[in-house]
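The structure appears right after this line, and notes come after that.
There are 2 protein chains.
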Amino acid sequence: MKKSKKVSMAVVRRLPKYYRYLGDLLKKDIKKISSKQLSQLTGFTASQIRQDLNNFGGFGQQGYGYSVSDLHSQLGKILGLNRPYRAIIVGAGNLGQAIGNYGGLSEAGLNLLSFFDKSSKMIGLSIGDVEIRNVKALSSFIKEHDIEVGIITTPTESAQSVADIMVESGINGIWNFAEADLKVPDNVMIENVHLNESLFTLSYLMENLSEE
Amino acid sequence: MKKSKKVSMAVVRRLPKYYRYLGDLLKKDIKKISSKQLSQLTGFTASQIRQDLNNFGGFGQQGYGYSVSDLHSQLGKILGLNRPYRAIIVGAGNLGQAIGNYGGLSEAGLNLLSFFDKSSKMIGLSIGDVEIRNVKALSSFIKEHDIEVGIITTPTESAQSVADIMVESGINGIWNFAEADLKVPDNVMIENVHLNESLFTLSYLMENLSEE
């Protein structure tokens, strides 16, 4: 399938939701679904759903709808979920451990090869069966194992220097949980999970709610 | 200060970022900043920054810029960070523990009173000095302690029923980490952190990168 390069990030961010709902339908052994039914499930309009999916070529058939298993597997390919990635986590504290144990990693094809930390109390221990190594060995490990994805769960103040080492050593995708806007070259993909921004947004919403 | 009710969520989601950068400037003892300097820091345009802040009344002075401490404290108020909230976490697994230990909770004024879990191995233990209680006591605890914010770090399949109990018991803000689009009444604020959607987005970006 040929991919459009001009798909907007707004569309891209809806794809995982379609993928999740289609996975749920698959589990329920539902074979086909119309854009109208997908609309009821996802809350997006049927016309938006058709538009979104048309970005990647036409999947549906007029009057039939979408084959759940076809659409699920095509979206999985578009999302790159069928391709395995070698990954590491820097920062083996509570959040790093939670992310390391997160089932979604393997669902997204991420194969976690090592944790890294600077604390001598942590180095040498394992989380699950994944070892915690000294962060000083980060660069050589990335090069030796051809690591593609780096996950940053360090404190804010270390995040940029960790990202710099990751980029210099050849990583081209970073999943960043630190409260920092990391500066990386254009050819390195960054996806941020900024917990504080999410929590502050909730606080704002509640503050406004309470004044109404 | 009078608040506009028509501020878009896109603006609201930028406020925590301004707040964070202003906090960094405060720590460096920088007293004033222009929208142009804020633009260089945040990556938003100076005109967007002025527009965003004008939604909440004019903070800056022509030719002077913004007072860092004033703007920081005003944004804190707008975000509701000066108001304490009583909070609980349902789901005391890895992710729940990481969120419970997350320093941002107290920064956002969240006072964590209890964890809840259904596992008999967990009930009665403490994380930090916060006890893990039986999820069967969730409703009575919320009512008794007038809990305002519920954090959901359960598996997907339990999330809606947990949210239902929270809402029925009087909670009006939910920070949801489960991979589910929870259905709640309009007067209950939900903020989602969907890790899988974030990770799948990174996977998509890398997949497209590798084909260029």
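These protein sequences, in sequence, are chains A and B.
The first sequence begins at 1 in my numbering and counts up by one.
The second sequence begins at 213 in my numbering and counts up by one.
Where is the CB? At the ideal position from N, CA and C, for every residue including glycine.
Within 10 angstroms of the Cβ of residue i, are there 16 or more other Cβ atoms? Answer buried if so, exposed if not.
{"i": "residue 229 of chain B", "result": "buried"}
{"i": "residue 341 of chain B", "result": "exposed"}
{"i": "residue 9 of chain A", "result": "exposed"}
{"i": "residue 213 of chain B", "result": "Bear in mind that a pLDDT of 43 at residue 213 of chain B, under 50, signals an unreliable position, so the number given afterwards is only what the model happens to contain. So residue 213 of chain B ends up on the exposed side."}
{"i": "residue 176 of chain A", "result": "buried"}
{"i": "residue 173 of chain A", "result": "buried"}
{"i": "residue 179 of chain A", "result": "buried"}
{"i": "residue 424 of chain B", "result": "Residue placement at residue 424 of chain B is flagged as unreliable, the pLDDT there being 48, under the threshold of 50; the coordinate-derived value follows with that caveat. Its Cβ having fewer than 16 others within 10 Å, residue 424 of chain B is exposed."}
{"i": "residue 30 of chain A", "result": "exposed"}
{"i": "residue 137 of chain A", "result": "exposed"}
{"i": "residue 237 of chain B", "result": "buried"}
{"i": "residue 369 of chain B", "result": "exposed"}
{"i": "residue 356 of chain B", "result": "exposed"}
{"i": "residue 331 of chain B", "result": "exposed"}
If residue i and residue j are in contact, beta carbons under 8 Å, what's the gap, nearest whole angstrom?
{"i": "residue 104 of chain A", "j": "residue 72 of chain A", "result": "Between residue 72 of chain A and residue 104 of chain A the Cβ distance is about 16 Å, and since that is not below 8 Å, they are no contact."}
{"i": "residue 379 of chain B", "j": "residue 396 of chain B", "result": "5 Å"}
{"i": "residue 310 of chain B", "j": "residue 98 of chain A", "result": "4 Å"}
{"i": "residue 215 of chain A", "j": "residue 75 of chain A", "result": "Given that chain A is displayed from residue 1 to residue 212, the structure contains no residue 215 of chain A and the question cannot be resolved."}
{"i": "residue 381 of chain B", "j": "residue 354 of chain B", "result": "4 Å"}
{"i": "residue 399 of chain B", "j": "residue 38 of chain A", "result": "Rounded, the Cβ-Cβ distance is 28 Å, inconsistent with contact."}
{"i": "residue 413 of chain B", "j": "residue 50 of chain A", "result": "Between residue 50 of chain A and residue 413 of chain B the Cβ distance is about 21 Å, and since that is not below 8 Å, they are no contact."}
{"i": "residue 364 of chain B", "j": "residue 371 of chain B", "result": "5 Å"}
{"i": "residue 408 of chain B", "j": "residue 83 of chain A", "result": "16 Å between Cβ atoms; not a contact."}
Of all Cβ atoms in chain B, is any one closer than 8 Å to the Cβ of residue i?
{"i": "residue 27 of chain A", "result": "no"}
{"i": "residue 201 of chain A", "result": "yes"}
{"i": "residue 98 of chain A", "result": "yes"}
{"i": "residue 198 of chain A", "result": "yes"}
{"i": "residue 128 of chain A", "result": "no"}
{"i": "residue 52 of chain A", "result": "no"}
{"i": "residue 195 of chain A", "result": "yes"}
{"i": "residue 101 of chain A", "result": "yes"}
Closer than 8 Å, CB to CB, is residue i near chain A or not?
{"i": "residue 307 of chain B", "result": "yes"}
{"i": "residue 256 of chain B", "result": "no"}
{"i": "residue 403 of chain B", "result": "yes"}
{"i": "residue 248 of chain B", "result": "no"}
{"i": "residue 215 of chain B", "result": "In this prediction, residue 215 of chain B scores a pLDDT of 47, lower than 50, which makes its location untrustworthy; the coordinate-derived value is nonetheless stated afterwards. Chain A contact via Cβ: present."}
{"i": "residue 232 of chain B", "result": "yes"}
{"i": "residue 229 of chain B", "result": "yes"}
{"i": "residue 267 of chain B", "result": "no"}
Quick one: which chain B residues come within Cβ less than 7 Å of residue i?
{"i": "residue 162 of chain A", "result": "Here the premise fails: no neighbours, minimum Cβ distance about 17 Å."}
{"i": "residue 12 of chain A", "result": "413 and 416"}
Which chain A residues sit within Cβ distance under 8 Å of residue i?
{"i": "residue 419 of chain B", "result": "78, 79, 80 and 83"}
{"i": "residue 399 of chain B", "result": "209"}
{"i": "residue 391 of chain B", "result": "20 and 104"}
Closer than 9 Å by beta-carbon distance: list the chain A residues that pair up with residue i, in chain order.
{"i": "residue 321 of chain B", "result": "203"}
{"i": "residue 385 of chain B", "result": "202, 203, 205, 206 and 209"}
At 8 Å on the CB atoms, spell out the chain B contacts of residue i, in chain order.
{"i": "residue 150 of chain A", "result": "What residue 150 of chain A touches in chain B: nothing, since even the nearest Cβ is about 11 Å away."}
Report the start-end ranges of each alpha helix (DSSP H) in the region 359-402 of chain B that is 4 residues or longer and not cut off at the edges. Here the runs fully enclosed are 368-381.
Identify every run of the alpha helix (DSSP H) within the region 227-297 of chain B, keeping only runs that are complete inside it and at least 4 residues long; order them along the chain. Correct list: 247-254, 258-266 and 280-290.
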